[in-house]
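K.L.:
Residues in the sequence shown are numbered consecutively from 1, following UniProt numbering.
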Amino acid sequence: MSTQLTGIPAEAARRPSTPGADPEHDCDQDLRGIRAVEREERPGRRNVVTRLVIALAITAVLMFPMYWMLRTSVASTDELSTLPVSLWPQEWLWQNYIQPWSQYPFARWLGNSVVIAVSSVVLTLVINVMAGYAFAKLRFPGRTVLFLMIISTLMVPVQVIMVPQFQIVIDLNLLNTTWGVVLPRLAEAFGLFMARQFFLAFPDELLEAAKIDGAGHFRTFWSIVLPLSKPLVASLIIFTFMWRWNEFVWPLIVLDDPNAYTLPVGLQFLISQFSSNFGPLLAMSFLSIVPMLIVFAVFQRYFVEGVARAGLK
């Protein structure tokens, strides 16, 4: 019997049969074995396909608002005023990106946001990581009380402390400056709590081994602790960059010069300029979220691990 006609694999066809056994009986047994294996594998393949379909459906739902922003940003006013609005644009009107970029200081606002977000991330990262390590691994009087006092500030609404913060900024002559936006937000209680929880799970044996080798606290932190804290650092970078990049109220209070605006404040200014034309407004809004997506794409590899190890599930 030909293997092409029976569908038996070549290895099974070449397998030596038992002396005296019926060759056709052996082929039937091989066929039943192959069909049994296929029946066992079929539910597994169906589960994989089902999960893939569900994952694609959830991804499409989550990404639809972003696609709609992109689709609306390249549409004309006449197209948007015709209902129902089609899912695919009739014309890609890239002028919506060029006109507000050249007409308003969008590049300056983008640069201001980058400077404020990056400087805030660097300084907040240094403060939170070092303070979190100290609260987790060092012993000093009043450690628990001081930590509870810092964490209790999470319960205080931001609006309550804005007035005293604004008075401090005025007293320091930082009004309408980058440092006036950055300095009041450096010590984040949430980041300190996250860093402390991460370092509590850090093995003490490594720190004791470094101490036996003669390393001090700073060298131990810099050479041993920090290289093993990439998930924590990546998570703090993403959270801090997202908060500072999207912050609107505090920069609106501190900055009164249009050239010193950040992107959220500048977009609020553009709303009054494009109140009846949503294309340019959404084009600038879409550009404003691109840096945030880049930061998340770069550091997302460690993000989930960092959040999980800090106990923030």
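All C-beta atoms, glycine included, are put in the ideal place defined by N, C-alpha and C.
Could you pull out every residue in the same chain whose Cβ sits closer than 7 Å to the Cβ of Leu-175, ignoring the five residues on either side in sequence?
P.N.:
What you label residue 175 is simply residue 175 of the sequence shown in a count that begins at 1. For Leu-175, where only same-chain residues beyond five positions count, the Cβ hits under 7 Å are Val-169 and Val-254.
K.L.:
Would you be able to state if there are at least three C-beta pairs under 8 Å between the stretch 209-220 and the stretch 142-151?
P.N.:
Because the criterion of three Cβ pairs below 8 Å is not met, the stretch 142-151 and the stretch 209-220 do not touch.
K.L.:
CA-CA distance, Gly-44 and Thr-50?
P.N.:
Counting from one through the sequence shown, the residue named residue 44 turns up at place 44. Counting from one through the sequence shown, the residue named residue 50 turns up at place 50. Each residue's Cα considered, the two are about 10 Å apart.
K.L.:
What three-state label does DSSP hand Gly-33 in the structure shown?
P.N.:
What you label residue 33 is simply residue 33 of the sequence shown in a count that begins at 1. Note: Gly-33 maps to helix in three-state DSSP.
K.L.:
So Ala-136 packs on Phe-239, CB below 8 Å; how close in whole Å?
P.N.:
Sequence index remark: in the sequence shown, residue 136 carries index 136 (1-based). Sequence index remark: in the sequence shown, residue 239 carries index 239 (1-based). No, Ala-136 and Phe-239 are not in contact; Cβ-Cβ is about 19 Å, not under 8 Å.
K.L.:
Using a threshold of 8 Å, state whether the C-beta atoms of Pro-231 and Tyr-302 are closer than that.
P.N.:
Here residue 231 refers to the residue found at position 231 of the sequence shown. Here residue 302 refers to the residue found at position 302 of the sequence shown. Closer than 8 Å, so yes.
K.L.:
Taking 6 Å as the limit between beta carbons, can you name the residues of its chain near Leu-281, skipping five residues before and five after?
P.N.:
Counted from its first residue, the sequence shown places residue 281 at position 281. For Leu-281, where only same-chain residues beyond five positions count, the Cβ hits under 6 Å are Leu-270 and Phe-274.
K.L.:
Between which two residues does the alpha helix (DSSP H) carrying Ser-119 extend?
P.N.:
On the sequence shown, residue 119 is found 119 positions in, with the first residue counted as 1. That run of the alpha helix (DSSP H) goes 106-137.
K.L.:
Could you pull out every residue in the same chain whose Cβ sits closer than 7 Å to the Cβ of Phe-296, ignoring the five residues on either side in sequence?
P.N.:
Here residue 296 refers to the residue found at position 296 when the sequence shown is read from its first residue. Counting only Cβ-Cβ distances below 7 Å, and skipping sequence neighbours, we find Ile-238.
K.L.:
Alpha carbon to alpha carbon, how far is Val-48 from Ile-116? Give it in angstroms, no decimals.
P.N.:
Here residue 116 is taken as the residue at index 116 of the sequence shown, counted from 1. Here residue 48 is taken as the residue at index 48 of the sequence shown, counted from 1. One C-alpha to the other measures close to 45 Å.
K.L.:
Rounded to whole angstroms, what is the Cα-Cα separation between Pro-291 and Leu-148?
P.N.:
The sequence position of residue 291 within the sequence shown is 291, counting from 1. The sequence position of residue 148 within the sequence shown is 148, counting from 1. Near 35 Å, if we compare the C-alpha coordinates of Leu-148 and Pro-291.
K.L.:
Starting from Leu-175, trace the alpha helix (DSSP H) in both directions and tell me its first and last residue.
P.N.:
Here residue 175 refers to the residue found at position 175 when the sequence shown is read from its first residue. From DSSP, Leu-175 is part of no alpha helix (DSSP H); its letter is neither H nor E.
K.L.:
Relative to the C-alpha of Trp-245, which candidate in Thr-153, Gly-191, Leu-110 and Leu-192 has its C-alpha closest?
P.N.:
Against the sequence shown, residue 245 aligns to sequence position 245. Of Thr-153, Gly-191, Leu-110 and Leu-192, the residue nearest in Cα terms is Leu-110.
K.L.:
How would you label Trp-250, buried or exposed, when you count the other beta carbons within 10 angstroms and need 16 or more for buried?
P.N.:
The sequence position of residue 250 within the sequence shown is 250, counting from 1. Label assigned to Trp-250: buried.
K.L.:
Helix, strand or coil, according to DSSP, for Gln-273 in the structure here?
P.N.:
Within the sequence shown, residue 273 is the residue found at index 273, counting from 1. Helix, per DSSP.
K.L.:
With a threshold of 7 Å on Cβ separation, who are the neighbours of Phe-286 within its own chain once the five nearest residues in sequence on each side are excluded?
P.N.:
As a position in the sequence shown, residue 286 is number 286, starting the count at 1. Met-69, Leu-70 and Ser-73, listed in sequence order.
K.L.:
Should Leu-93 and Gly-279 be called a contact, given that it needs their Cβ atoms to be closer than 8 Å?
P.N.:
Position 93 of the sequence shown, counted from the first residue, corresponds to residue 93. Position 279 of the sequence shown, counted from the first residue, corresponds to residue 279. It is a contact, given that the beta carbons lie within the stated cut-off.
K.L.:
I think residue 314 touches Ala-195, with their Cβ atoms under 8 Å apart; what is that distance to the nearest whole Å?
P.N.:
Residue 314 is absent from the model: the chain starts at 1 and stops at 313.
K.L.:
One question on the structure: do Arg-108 and Asn-259 come within less than 8 Å of each other, judged by their Cβ atoms?
P.N.:
Here residue 108 is taken as the residue at index 108 of the sequence shown, counted from 1. Here residue 259 is taken as the residue at index 259 of the sequence shown, counted from 1. Yes, the pair counts as a contact, with Cβ atoms nearer than the cut-off.
K.L.:
Drop a sphere of 10 angstroms on the beta-carbon of residue 317, count the other beta-carbons inside from all chains shown, and report buried for 16 or more, exposed for fewer.
P.N.:
Because residue 317 is not part of the residues shown, which for the chain are 1 to 313, the question remains open.
K.L.:
Who are the Cβ neighbours of Met-284 in its own chain at under 7 Å, not counting the five residues just before and after it?
P.N.:
Taking the sequence shown and counting its residues from 1, one reaches residue 284 at position 284. Pro-100, Phe-106, Leu-267 and Leu-270, listed in sequence order.
K.L.:
Please look up how many angstroms separate the CB atoms of Gln-165 and Pro-184, rounded, as I've assumed it's under 8 Å.
P.N.:
Working through the sequence shown from its first residue, we reach residue 165 at position 165. Working through the sequence shown from its first residue, we reach residue 184 at position 184. The Cβ separation is near 5 Å, so the contact holds.
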